[in-house]
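Here the sequence shown stands for residues 4 to 719, numbered as in my numbering. Idealized CB from N, CA, C, for every residue including glycine. Keep in mind it's a predicted model, so treat the numbers as computed, not measured.
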Amino acid sequence: MGKWKHIIVCCGWMSCMYAAQAQLAWSPERIATSPYISASWTGDYAGKQALYYVISAYDIQRDLVRHQLWVQPIPSLPVQSNPRQLLSFDGPQLENLSRLQPHEWIGTRGNQCYMLRTDSPALRPLTQIDSPYRHLLVSPKQDYLLFVHAEKVRDVEARDYYPQFGKTLARIYHDLPAFDANGWENGYAGHLLYARFDSMGNVGMPVDLMPYEQASVDTELVNGSLTQIHWSPDERYIVYAAYKPGGQGSETGVLPHASTAGQTSQIYLYDLQNGLTSCLTCEPLKSDISHTPLMAYQSPLFNPAIHSSNSHWIAWIAETLTGSRAGQRDLVLADLEHRTQYNLTRHWAGRVNRFWWSNDGQSLLFTASYPDSAGIELYRVQVLDNERLHTPLVIQQITHLHASIAALVGETPAAWIVAVARWHRLQKLFWVDKQNGSAHLLVQTDTTLQDANPFAGKVFSLAGDTKVRIQVYRPFGFDSAGETYPAIICLPDLEWFDAPGVSAGPSGAMSWEQPQMLADAGYWVFTVSPEIGMSGASGQIPNALAFYLNPATLQSLADSLSRLLAALRVDTQRLVLMGSGWGAYLALSWASNPSRSFSYPIQRLVLWNPVVNIPSWESTTSARWIATQIHDVLEHEKMRPVSDAEWRVPALPMLIGVGGKDGLVSSRQGLGLFNEAKDQQLPGRLLYFPDIAHHWQIGHELLVWQHQVLNWLANP
Numbered sequence: 004m005g006k007w008k009h010i011i012v013c014c015g016w017m018s019c020m021y022a023a024q025a026q027l028a029w030s031p032e033r034i035a036t037s038p039y040i041s042a043s044w045t046g047d048y049a050g051k052q053a054l055y056y057v058i059s060a061y062d063i064q065r066d067l068v069r070h071q072l073w074v075q076p077i078p079s080l081p082v083q084s085n086p087r088q089l090l091s092f093d094g095p096q097l098e099n100l101s102r103l104q105p106h107e108w109i110g111t112r113g114n115q116c117y118m119l120r121t122d123s124p125a126l127r128p129l130t131q132i133d134s135p136y137r138h139l140l141v142s143p144k145q146d147y148l149l150f151v152h153a154e155k156v157r158d159v160e161a162r163d164y165y166p167q168f169g170k171t172l173a174r175i176y177h178d179l180p181a182f183d184a185n186g187w188e189n190g191y192a193g194h195l196l197y198a199r200f201d202s203m204g205n206v207g208m209p210v211d212l213m214p215y216e217q218a219s220v221d222t223e224l225v226n227g228s229l230t231q232i233h234w235s236p237d238e239r240y241i242v243y244a245a246y247k248p249g250g251q252g253s254e255t256g257v258l259p260h261a262s263t264a265g266q267t268s269q270i271y272l273y274d275l276q277n278g279l280t281s282c283l284t285c286e287p288l289k290s291d292i293s294h295t296p297l298m299a300y301q302s303p304l305f306n307p308a309i310h311s312s313n314s315h316w317i318a319w320i321a322e323t324l325t326g327s328r329a330g331q332r333d334l335v336l337a338d339l340e341h342r343t344q345y346n347l348t349r350h351w352a353g354r355v356n357r358f359w360w361s362n363d364g365q366s367l368l369f370t371a372s373y374p375d376s377a378g379i380e381l382y383r384v385q386v387l388d389n390e391r392l393h394t395p396l397v398i399q400q401i402t403h404l405h406a407s408i409a410a411l412v413g414e415t416p417a418a419w420i421v422a423v424a425r426w427h428r429l430q431k432l433f434w435v436d437k438q439n440g441s442a443h444l445l446v447q448t449d450t451t452l453q454d455a456n457p458f459a460g461k462v463f464s465l466a467g468d469t470k471v472r473i474q475v476y477r478p479f480g481f482d483s484a485g486e487t488y489p490a491i492i493c494l495p496d497l498e499w500f501d502a503p504g505v506s507a508g509p510s511g512a513m514s515w516e517q518p519q520m521l522a523d524a525g526y527w528v529f530t531v532s533p534e535i536g537m538s539g540a541s542g543q544i545p546n547a548l549a550f551y552l553n554p555a556t557l558q559s560l561a562d563s564l565s566r567l568l569a570a571l572r573v574d575t576q577r578l579v580l581m582g583s584g585w586g587a588y589l590a591l592s593w594a595s596n597p598s599r600s601f602s603y604p605i606q607r608l609v610l611w612n613p614v615v616n617i618p619s620w621e622s623t624t625s626a627r628w629i630a631t632q633i634h635d636v637l638e639h640e641k642m643r644p645v646s647d648a649e650w651r652v653p654a655l656p657m658l659i660g661v662g663g664k665d666g667l668v669s670s671r672q673g674l675g676l677f678n679e680a681k682d683q684q685l686p687g688r689l690l691y692f693p694d695i696a697h698h699w700q701i702g703h704e705l706l707v708w709q710h711q712v713l714n715w716l717a718n719p
């Protein structure tokens, strides 16, 4: 198959998945409908231990997601077993399942609770259609239900002030709102509530655990289960991670917003016996952990072994958000009885992603990545011995899959069951031998997927003390002695700086399935992301903004990318720049001024909701906190931004996409750029989506955009 003779540079998280040519195997429809595992767990089936999993896929014709529940026995040895489909359903996925009886499970779909029976397959609703229950979690002894409810923390809706105008959708703010996922832009925060639950399925009166707390609980899901909210084994305690809007909690009282510095969070413990809440991380226990004003404490989890003393052992992840260790995630073990903490990975080079307790409660298993590797492997550390701290604490690598392990699904006497993510979703389930770490494939959702090609990453130090990681994905079927291959370079939009490093979770801001998909389609793919340790010089001026505004930083990035392109077998005859948001700003500045770009000619542009001119963007964006900090960066660093006063519209063919409901970038930016291009009689095309915001969701509108991009690249 002939290769397309272009280099495609994707500047932003939006555009890089749409560059594959139509003649390649991956069409937009094929990508959208690719099945994935939305939830998996282990349980009993026909008297034997079994693996349950839900395979989900997007239905283009019906514009909804379809789900199938499967079960297959887990063998004591890695032998093939026949799966059996139990039932299918449409709509919201089944999440946060908890076992009631050997064949009876309870979980949540949308805003309803459901009973799932696996002996006589059935999915029965337990609550009314207008139920406020979300992310339901059953207590270990099935006495209580824990769930999340949107509680009003301040009046911002105009109808609260003017009840006679009850149909108005206006909001009234008295201070600068936080438009982050964990912020309170609508005046609501996610509060935890619990209620009594009897054997007949009746739910008692809910009780708010946090009526006076100005925080919002984190409802992140991994493998269909909550990671930030858990019960203690004896049902006495509820532990959870809660976030402050806009980075509250600093000693100085002035912090960068979460979009540029990360969101601070704390670990809270609620005692059902006395109804009191305590913060486990607000005042650090005795420990060897270095605490900074900006820390995110996440994923608290009690020891699951049913012993009274084990309820005092709890683990969580501590992420440093500022300073030289910014982005580092450590695994922490805490002894609540003696008020002592132990940083299990303090002198370890890896970065912890997720963790789980072993069934016997003696060990912690966690996934982590190293700075010199893009793979995420499974590790183990024994922490307890007869309910006392085990010494020495030795970290042992379990798997060598050279893939992204996203979840530990379950455990048998002989093996661990792990889930591997690809394309940003769970795609495979493996049986991993406890003795030697050998892995055997149990489930693969899409047999047409090819195994990931080896890839590597390299850290580059740019001007302005900025560090970035350039990840390289080899094209499928790469032949080092054959013809040259097209290349795709993905530069980050501002949203990518939320979480440094590789993210394998399904809700991360960085969609790493896009580069891998393009590599499967036959491209070299280069992704650029902030490296661990990237921080502002003063702790208040984040380099995430200076990255886009410092000409020296951008020039050194272009030089680094050019050297990589020259060292590999890529076709450098033509260059296509693609970008969204601030990534589009980079594409425009590079295309308009060759001195800021690569050593190769640029022939066309593909832009989504582009930031074109900073002064006009500052006056039209809803993201006022970012606009304020950009102004501070320019003043502090004495920099002058590239704007349309300093460069002309590139005399290149342009495809411009604009979302009418983008609160981060006003549609005026893209529409104005298109008007100016047409005034100069430049070839161009405009796609306007009235109801689309800055971030895409799977749907028909996305497929239209993908096809238009492919069409434009072939016939501008």
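Going by beta-carbon coordinates alone, are residue i and residue j separated by less than 8 Å?
i: glutamate 380; j: glutamine 399; result: no
i: glutamate 98; j: alanine 42; result: yes
i: serine 366; j: glutamine 385; result: yes
i: histidine 152; j: leucine 229; result: no
i: valine 156; j: glutamine 217; result: yes
i: leucine 89; j: proline 124; result: yes
i: alanine 417; j: tyrosine 476; result: no
i: alanine 410; j: phenylalanine 358; result: no
i: alanine 192; j: glutamate 160; result: no
i: cysteine 285; j: glutamine 301; result: no
i: leucine 706; j: proline 31; result: yes
i: valine 397; j: alanine 371; result: no
Within 10 angstroms of its Cβ, does residue i collect 16 or more other Cβ (buried), or is it exposed?
i: histidine 703; result: exposed
i: serine 622; result: exposed
i: lysine 431; result: buried
i: histidine 722; result: For the chain, the structure presents residues 4 to 719; residue 722 sits outside this window and is missing.
i: aspartate 333; result: buried
i: isoleucine 77; result: buried
i: tryptophan 708; result: buried
i: isoleucine 40; result: buried
i: glycine 207; result: exposed
i: glutamine 83; result: exposed
i: methionine 581; result: buried
i: methionine 213; result: buried
i: tryptophan 715; result: buried
i: leucine 713; result: buried
i: histidine 350; result: exposed
i: asparagine 718; result: exposed
If you draw a straight line from the alpha carbon of residue i to that of residue j, how long is it in whole angstroms?
i: proline 105; j: histidine 233; result: 21 Å
i: proline 489; j: proline 236; result: 54 Å
i: serine 37; j: alanine 424; result: 13 Å
i: leucine 571; j: glutamine 558; result: 20 Å
i: isoleucine 659; j: leucine 690; result: 6 Å
i: tyrosine 164; j: valine 462; result: 53 Å
i: arginine 328; j: methionine 298; result: 11 Å
i: leucine 103; j: glycine 330; result: 39 Å
i: phenylalanine 479; j: valine 528; result: 11 Å
i: glutamate 340; j: glycine 413; result: 29 Å
i: glycine 675; j: alanine 555; result: 28 Å
i: lysine 6; j: aspartate 574; result: Summary for lysine 6: the model assigns pLDDT 39, below 50, so the residue's position carries little reliability, and this model does not support an answer.
i: tyrosine 382; j: glycine 353; result: 10 Å
i: methionine 20; j: valine 220; result: Confidence at methionine 20 is low in this model, with a pLDDT of 34, below 50, so its placement is unreliable and no value can be given for it.
Tell me residue i's beta-bridge partners as DSSP assigns them.
i: lysine 461; result: Ile473
i: leucine 336; result: Ala318 and Tyr345
i: threonine 280; result: Tyr273
i: threonine 783; result: For the chain, the structure presents residues 4 to 719; residue 783 sits outside this window and is missing.
i: lysine 155; result: Tyr191
i: serine 407; result: Ile379 and Ala424
i: proline 128; result: Tyr117
i: methionine 298; result: Thr323
Worksheet item: Mind pulling the beta strand (DSSP E) runs of 3 or more residues that sit fully within the segment 579-617?
Response: 607-611
Fill in: Complete runs of the beta strand (DSSP E) confined to the segment 58-123 [at least 3 residues]
67-76, 87-93, 98-104, 107-112 and 115-120
Worksheet entry | Uninterrupted alpha helix (DSSP H) stretches inside the segment 647-718 (no shorter than 4 residues) | 670-682 and 703-717
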